[in-house]
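Engineer: Residue numbers (this note's numbering), protein chains in the order written: chain A, 1 to 249; chain B, 250 to 453.
Ideal Cβ placement from N, Cα and C applies to all residues, glycine included.
This structure is a prediction, so every number in the text was calculated from the model and none was measured.
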Amino acid sequence: MRQPLDWQIATVKSIKPETEKIKTFTLTLPNWTRPRAGQHYDVRLSAEDGYVAQRSYSIASPPEQAGEVALTIERIEDGEVSTYMHDVLIPGDRIELRGPIGGYFVWEAGLLPEPLVLIAGGSGVVPLMSMIRHRAAAGSMVPTRLLYSSRNREDVIYYDELQSLRGDGLEIFHTLTRSQPAGWTGYARRIDDTMVKEVIAPFGKTMQVFICGPTLMVESTAESLLKLGVAPAQIRTERFGASGTAKGG
Amino acid sequence: MTEPFVSREFVGKRRGGAEKASRLPPGQYLTEDFPVLSAGPTPRLDLKRWSFSIEGLVKEKVSWAWDDFLKLPAQNYTVDISCVTKWTHLDMQWRGVSVDTLLEHAELDRKAAFVTAFTHDGYTTNLPIADILNGRAFVAYQYDGSPLAPEHGGPARLVVPHLYFWKSAKWVAGLRFMEKDQRGFWESAGYHNHADPWKEERYS
Numbered sequence: 001m002r003q004p005l006d007w008q009i010a011t012v013k014s015i016k017p018e019t020e021k022i023k024t025f026t027l028t029l030p031n032w033t034r035p036r037a038g039q040h041y042d043v044r045l046s047a048e049d050g051y052v053a054q055r056s057y058s059i060a061s062p063p064e065q066a067g068e069v070a071l072t073i074e075r076i077e078d079g080e081v082s083t084y085m086h087d088v089l090i091p092g093d094r095i096e097l098r099g100p101i102g103g104y105f106v107w108e109a110g111l112l113p114e115p116l117v118l119i120a121g122g123s124g125v126v127p128l129m130s131m132i133r134h135r136a137a138a139g140s141m142v143p144t145r146l147l148y149s150s151r152n153r154e155d156v157i158y159y160d161e162l163q164s165l166r167g168d169g170l171e172i173f174h175t176l177t178r179s180q181p182a183g184w185t186g187y188a189r190r191i192d193d194t195m196v197k198e199v200i201a202p203f204g205k206t207m208q209v210f211i212c213g214p215t216l217m218v219e220s221t222a223e224s225l226l227k228l229g230v231a232p233a234q235i236r237t238e239r240f241g242a243s244g245t246a247k248g249g
Numbered sequence: 250m251t252e253p254f255v256s257r258e259f260v261g262k263r264r265g266g267a268e269k270a271s272r273l274p275p276g277q278y279l280t281e282d283f284p285v286l287s288a289g290p291t292p293r294l295d296l297k298r299w300s301f302s303i304e305g306l307v308k309e310k311v312s313w314a315w316d317d318f319l320k321l322p323a324q325n326y327t328v329d330i331s332c333v334t335k336w337t338h339l340d341m342q343w344r345g346v347s348v349d350t351l352l353e354h355a356e357l358d359r360k361a362a363f364v365t366a367f368t369h370d371g372y373t374t375n376l377p378i379a380d381i382l383n384g385r386a387f388v389a390y391q392y393d394g395s396p397l398a399p400e401h402g403g404p405a406r407l408v409v410p411h412l413y414f415w416k417s418a419k420w421v422a423g424l425r426f427m428e429k430d431q432r433g434f435w436e437s438a439g440y441h442n443h444a445d446p447w448k449e450e451r452y453s
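#1: Taking Cβ positions, are residue 146(A) and residue 132(A) nearer each other than 8 Å?
#2: So is residue 88(A) in contact with chain B if we call contact Cβ pairs under 8 Å?
#3: Could you name the residues of the segment 285-316 of chain B whose beta carbon sits closer than 8 Å to any beta carbon of chain A, in the order they occur along the chain?
#4: Classify residue 5(A) as helix, strand or coil using the three-state DSSP reduction.
#5: Is there a Cβ of chain B sitting closer than 8 Å to that of residue 103(A), yes or no?
#6: DSSP puts residue 42(A) in a beta bridge; with which residues?
#7: Where does residue 326(B) sit, in a helix, a strand or coil, going by DSSP?
#8: May I ask you to list, following chain order, the residues of the segment 330-341 of chain B that have a beta carbon less than 7 Å from some beta carbon of chain A?
#9: If you measure beta-carbon to beta-carbon, which residues of the segment 131-152 of chain A are closer than 8 Å to chain B?
#10: In this structure, does DSSP put residue 450(B) in helix, strand or coil?
#11: Flag this pair as yes or no: are the beta carbons of residue 228(A) and residue 197(A) separated by less than 8 Å?
#12: Select from the segment 265-280 of chain B all residues with a C-beta closer than 7 Å to any C-beta belonging to chain A, and list them in chain order.
#13: Hey, residue 159(A) and residue 120(A) are a contact pair by Cβ (cut 8 Å); roughly how many whole angstroms apart?
#14: When the Cα atoms are used, what is the spatial distance from residue 144(A) to residue 134(A)?
#15: Does the beta carbon of residue 438(B) sit closer than 8 Å to a beta carbon anywhere in chain A?
#16: Determine which residues share a DSSP beta bridge with residue 28(A) and list them.
#17: Chain A beta carbons: is any one of them nearer than 8 Å to that of residue 253(B)?
#18: Using a cut-off of 7 Å between C-beta atoms, extract the partners of residue 201(A) located in chain B.
#19: Under 8 Å Cβ-Cβ, which residues of chain B neighbour residue 215(A)?
#20: Go ahead and label residue 368(B) buried or exposed: buried means 16 or more other beta carbons lie within 10 angstroms of its beta carbon, across all protein chains shown.
#21: At the 8 Å Cβ level, is residue 54(A) part of the contact set with chain B, yes or no?
#22: Taking CB distances under 8 Å as the criterion, tell me whether residue 187(A) reaches chain B.
#23: For a test of the three-state rule: what should DSSP assign to residue 180(A), helix, strand or coil?
This is the structure:
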């Protein structure tokens with residue numbers, strides 16, 4: 001019997017640019033296993049002489065998207081795998097994958113009934129997007145609030161889709177930390193205590209929080225939640241980078 | 250067997266040269282950073298209430314308060330660390346107390362075969378005792394000459410350099426010796442029970 005964690009050779013179905021440095025790769029898997037929203041896949045690249053490089057990338061697609069998986073990947077300038085994915089890979093290419101992986105930073109509609117608070121910094125929105133898409137696909141009405149911090153308007157991933165998913169208990173709060181377009185009505189600063197307080201206000205103290213982003217952002221946001229009386233056990237985190245930089249890619 | 254898979258036009262960056270590459274376990278890449286991975290918020294521990302205990306299958310439980318722990322004979326360690334998320338950082342410099350030194354203060358029951366490292370925030374990880382004895386593990390409270398930062402597990406974390414880094418429990422509160430193995434936090438969530446990076450024991 002095939003184990004879900006064996007390497008398998010996927011085929012690139014499509015590549016969609018999301019922002020200047022971010023693309024979504026939709027890959028068709030010969031042995032698809034239904035993932036849980038929030039999980040990731042390992043990608044392995046092999047050179048002709050046997051040299052290999054591996055990285056982990058969060059799944060962006062919902063578990064309902066059968067037979068394939070979408071990975072939204074930021075191009076890291078000195079990266080080895082992300083640069084290959086962005087600069088070389090084309091539809092029809094084959095690529096080795098293993099997954100889905102991860103059993104804690106996951107949300108399943110129906111399993112966790114508490115209101116959902118999702119807090120993202122930059123490409124940290126990817127696993128949270130899988131949760132939001134899953135929530136919609138499963139018809140969940142769990143009250144959900146996404147607070148999503150980006151530098152500029154053009155760095156926001158999934159902007160239009162997020163707009164279209166609003167409603168049915170889903171509210172979205174953007175903050176743009178560097179520059180804001182004319183007429184911007186969202187937040188315009190880094191995530192801070194006041195912003196977190198406003199976002200979680202309707203939920204009191206009972207909620208399930210997922211935070212994903214650069215280390216410093218996750219650290220300070222989790223700190224804010226603790227100060228507001230949210231229990232540590234209700235906060236699940238995923239950090240990337242040592243000092244608020246980027247996922248080594 | 251089928252032909253090994255080759256990624257079209259992939260060459261790779263091959264950082265660090267041959268000497269460093271030889272110290273890199275399979276599937277890992279070199280970093281100079283110190284990435285942070287934790288399942289939840291970073292706890293801020295009060296040194297006045299901090300303790301480290303050795304318990305379970307020992308004749309008598311031993312505990313140290315922070316000030317007493319600092320009086321234990323400490324050593325400097327230069328070790329290579331590999332995280333299951335694929336980064337490896339060579340020559341990380343730590344200061345701390347060898348688990349062997351801690352066990353000089355406790356009498357282990359003959360039946361003790363496994364240990365659970367438990368922490369001040371409720372995390373656990375499990376190891377066979379052979380993986381923490383004979384200089385293979387230490388409790389670190391300094392990194393790079395400075396007190397260990399909270400996000401990296403400060404005030405003190407277990408360090409088991411020859412296993413993936415999740416075995417090196419942050420905010421460690423003690424070691425519980427047991428006859429039977431009991432899976433810890435990540436070991437219960439699909440990660441490998443043993444976690445040797447050279448055998449690529451990532452997932453179970």
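Structural biologist: So, to answer that:
#1: yes
#2: yes
#3: 285, 286, 287, 288, 289, 290, 291 and 292
#4: coil
#5: yes
#6: 56(A) and 98(A)
#7: strand
#8: 334, 335 and 336
#9: none
#10: Three-state result, residue 450(B): coil.
#11: Taking C-beta atoms as the reference points, residue 228(A) and residue 197(A) count as a pair closer than 8 Å.
#12: 276, 278 and 280
#13: Incorrect: roughly 13 Å between the Cβ atoms, too far for contact.
#14: 12 Å
#15: yes
#16: Residue 28(A) pairs with 11(A) and 68(A).
#17: Yes, because at least one Cβ of chain A sits closer than 8 Å to the Cβ of residue 253(B).
#18: Under the 7 Å cutoff, chain B gives no residues; its nearest Cβ is about 20 Å from residue 201(A).
#19: 284, 285 and 400
#20: buried
#21: yes
#22: no
#23: Reduced to three states, the DSSP call for residue 180(A) is coil.
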